[in-house]
């Protein structure tokens with residue numbers, strides 16, 4: 002730069018010469034080369050790191066989204082299974098109730114059959130006992146009749162009177178004994 006004093010004229014405003022232009026061009030080229038070198042060694046690795054991080058984050062987001070969808074599907078599936086389990090449990094309970102009622106009816110029927118058999122057996126035993134008592138009474142009547150017949154014979158009664166007494170005794174003893 003040139004200082005202008007009072008009487009001098011201005012020869013150059015910026016003092017542009019060829020050396021300044023050459024230095025400026027070299028500096029621009031050096032900055033451009035430095036930019037390329039820095040871009041290759043510094044910016045490209047940084048870009049690669051940022052891109053790989055972006056891809057990793059996208060993959061993790063995608064994985065999280067898929068996991069969320071799977072969780073939602075599993076939740077729906079488990080809810081459906083829970084509903085099915087409730088229905089199945091109700092079915093099992095109703096089946097158990099039905100079987101219990103069937104078993105109850107069967108047990109009651111068996112008890113009635115057993116009671117009927119016991120009653121029939123008791124009736125048959127009572128009938129047999131009655132028959133036995135009837136036979137015993139007949140034997141007793143026969144023995145009483147023979148004793149009476151012996152007494153009649155010893156008292157010298159005739160057979161007509163004797164038969165009449167035996168018939169009357171059998172009738173009297175038979176009616177009272179057989180009715181009981």
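Numbering (my numbering), first residue to last: 2 to 181. By construction, the Cβ of each residue, glycine as well, lies at the ideal position given by its N, Cα and C atoms. These numbers come from a predicted model, not from an experiment.
- Taking the Cα of residue 143 as reference, the smallest distance to any Cα among 131, 118 and 169 is reached at 169.
- Secondary structure of residue 17 (DSSP, three-state): coil.
- Residue 85 sits in a helix when the DSSP states are folded into three classes.
- In the structure shown, residue 159 adopts coil according to DSSP, grouped into three states.
- By the CB criterion at 8 Å, residue 134 and residue 149 fall outside the cutoff.
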